[in-house]
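In terms of our numbering, the sequence shown is numbered consecutively and its last residue is 337.
Glycine included, each C-beta is placed from N, C-alpha and C at the ideal position.
These figures come from a predicted structure and were not determined experimentally.
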Amino acid sequence: MEKIEQLQSYLQKKQFSQLFLLVDDNTSVNCMPILLEKIDEITDRQAVLLEIPHGEEKKTVSTAENIIRSLAQSEADRDSCLLSLGGGVVTDLGGFVSSVFKRGIENINIPTTLVGMADAAIGGKTAVNIDGIKNLIGTFNFGVLKNDSVLSYDVFKNKVFLDTDFLSTLSVNQIKDGVAEILKTFLVADEGLSRKFLDSPIEKNAVVPYIEPCATIKERIVSQDPYDRGIRKSLNFGHTLGHAVEMFYNLSHGHSVAVGIHYALDLSVKHCNFPYEKAKAILQFIEINYELPPYDKDISQLTDLMRQDKKNTDEKINFILLEDIAKPCLVSVYQV
Ligand SMILES: NC(=O)c1ccc[n+]([C@@H]2O[C@H](COP(=O)([O-])OP(=O)(O)OC[C@H]3O[C@@H](n4cnc5c(N)ncnc54)[C@H](O)[C@@H]3O)[C@@H](O)[C@H]2O)c1
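This is the structure we're talking about:
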């Protein structure tokens, strides 16, 4: 992940044939002015603005198709670049479209939510939902190889430029969404950071210092397993129930991940001997900061949704659980 100040020189160096700026109706108002003030290249090159409505329900094939149609109408070619300015919905969609439009154009993510900065914009996974099923189709988009003949791990880093100024217009709940994803990453990878983070207040200024350590952990795990066959799956901690909760209760992604972590910790104590005292502190952190839906009561419907999860191989439901902080494991459960 690079700083936003480096974007100007990157765009000048790459000499793209055309620039496209994908925004949603919130980031066009709240974030585009901040970006344009800092990056002259986008105005000088007369980047074409592509605006979509905000929201998870717009992360669809139909929205992707509209973006593709707009790119075609503006005569985008394979040397064009799509800059995705937004939260995880915009970067998932922009990344997806860039990887399929004319078999791949360059994509640059400029995350504007805490979820995006700490997680969604990083790692090259792109996705759209179908019939309300989360991320049913998607690609791995690590960017376009141009004139580079040697493959290296660096190839598995997608282009992300960070500007924490965008956080200023987020609500407390949107910050809490990002906190859940950061907590997830620290719990699967770093005990020291987990402890410090659990003791920090959930406030914009207090969370900013954790963005880069979190992004660095994700980049390291992605470089070890770019195509999600092994260690990268650990970043799905909290997501098996989380995705089901997101669909069933129509909660935000981050809030749902917090609920999923709560459940996965309970399972970790039961199935993996996760130390109970440590679990108690994390469960309390979640109970204090997030409203928990009655997922125990609805578990049979949630189980049906969990069976659709991509990590499942047959009738079993696969959960990423923890033997301890920073000790993830994959556990198959027939009956939850
Ligand atoms: N690809 C990945 O690796 C990955 C990882 C985690 C999450 N995700 C995906 O990311 C999505 C969730 O991301 P999200 O929480 O950023 O959702 P989001 O993109 O829907 O953003 C949340 C809301 O904040 C608004 N917004 C964005 N930036 C703003 C700003 N600076 N000020 C004011 N409003 C702003 C958006 O318009 C939207 O209404 C889900 O679809 C999830 O599946 C993907």
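Who are the near neighbours of residue i in its chain, counting only those whose CB is closer than 7 Å to its CB and skipping five residues on each side?
{"i": "Ile218", "result": "Thr186, Ala190 and Asp191"}
{"i": "Ser150", "result": "Any reading at Ser150 must be qualified, since the residue scores a pLDDT of 49, below 50, and its modelled position is unreliable; no value is offered."}
{"i": "Phe97", "result": "Ala65, Thr127, Ala128, Val129, Gly139 and Thr140"}
{"i": "Leu268", "result": "Phe320 and Leu322"}
For a test of your reading of the model: does the CB of residue i fall under 6 Å from any non-hydrogen atom of ligand 1? Yes or no.
{"i": "Asp45", "result": "no"}
{"i": "Phe167", "result": "yes"}
{"i": "Cys32", "result": "yes"}
{"i": "Asn27", "result": "yes"}
{"i": "His55", "result": "yes"}
{"i": "His272", "result": "no"}
{"i": "Leu137", "result": "no"}
{"i": "Asp120", "result": "yes"}
{"i": "Gly243", "result": "no"}
{"i": "Gly124", "result": "yes"}
{"i": "Leu171", "result": "yes"}
{"i": "His254", "result": "yes"}
{"i": "Gly88", "result": "yes"}
{"i": "Val116", "result": "yes"}
{"i": "Thr113", "result": "yes"}
{"i": "Asp178", "result": "yes"}
{"i": "Asp132", "result": "no"}
Run through DSSP, which three-state label would residue i get?
{"i": "Pro112", "result": "strand"}
{"i": "Asn274", "result": "coil"}
{"i": "Gly87", "result": "strand"}
{"i": "Phe141", "result": "strand"}
{"i": "Ala216", "result": "helix"}
{"i": "Val151", "result": "Low confidence applies to Val151: its pLDDT is 49, below 50, so where it sits in the model is not reliable enough to give any reading."}
{"i": "Asn67", "result": "helix"}
{"i": "Ala128", "result": "strand"}
{"i": "Lys158", "result": "coil"}
{"i": "Asn136", "result": "strand"}
{"i": "Glu107", "result": "strand"}
{"i": "Leu163", "result": "strand"}
{"i": "Glu3", "result": "strand"}
Could you tell me which residues DSSP pairs with residue i in its beta bridges?
{"i": "Ser333", "result": "Asn319"}
{"i": "Lys328", "result": "Asp325"}
Excluding the 5 residues preceding and the 5 following residue i in the sequence, name in chain order all residues of the same chain whose CB lies nearer than 8 Å to its CB.
{"i": "Ile53", "result": "Leu23, Val24, Asp25, Asp26, Lys59, Thr64, Asn67, Ile68, Val91 and Leu94"}
{"i": "Leu199", "result": "Leu184, Ala282, Ile283 and Phe286"}
{"i": "Asn290", "result": "Lys177, Val180, Ile203 and Ala259"}
{"i": "Phe31", "result": "This sequence places Asn at residue 31; Phe is not what is there. Hits under 8 Å: Thr113, Phe167 and Thr170."}
Leaving out the 5 sequence neighbours to the left and right, which residues in its chain are closer than 6 Å to residue i when beta-carbon positions are compared?
{"i": "Pro227", "result": "Phe157"}
{"i": "Pro294", "result": "Tyr250"}
{"i": "Gly125", "result": "Phe141, Asn142, Phe143 and Asn159"}
Start-end ranges of the alpha helix (DSSP H) lying completely within the stretch 258-303, minimum 4 residues: 277-290
Contiguous alpha helix (DSSP H) assignments of at least 4 residues, all confined to the stretch 15-67: 28-31, 33-39 and 41-45
Whole runs of the alpha helix (DSSP H) within the stretch 176-201, excluding any shorter than 4 residues: 192-200
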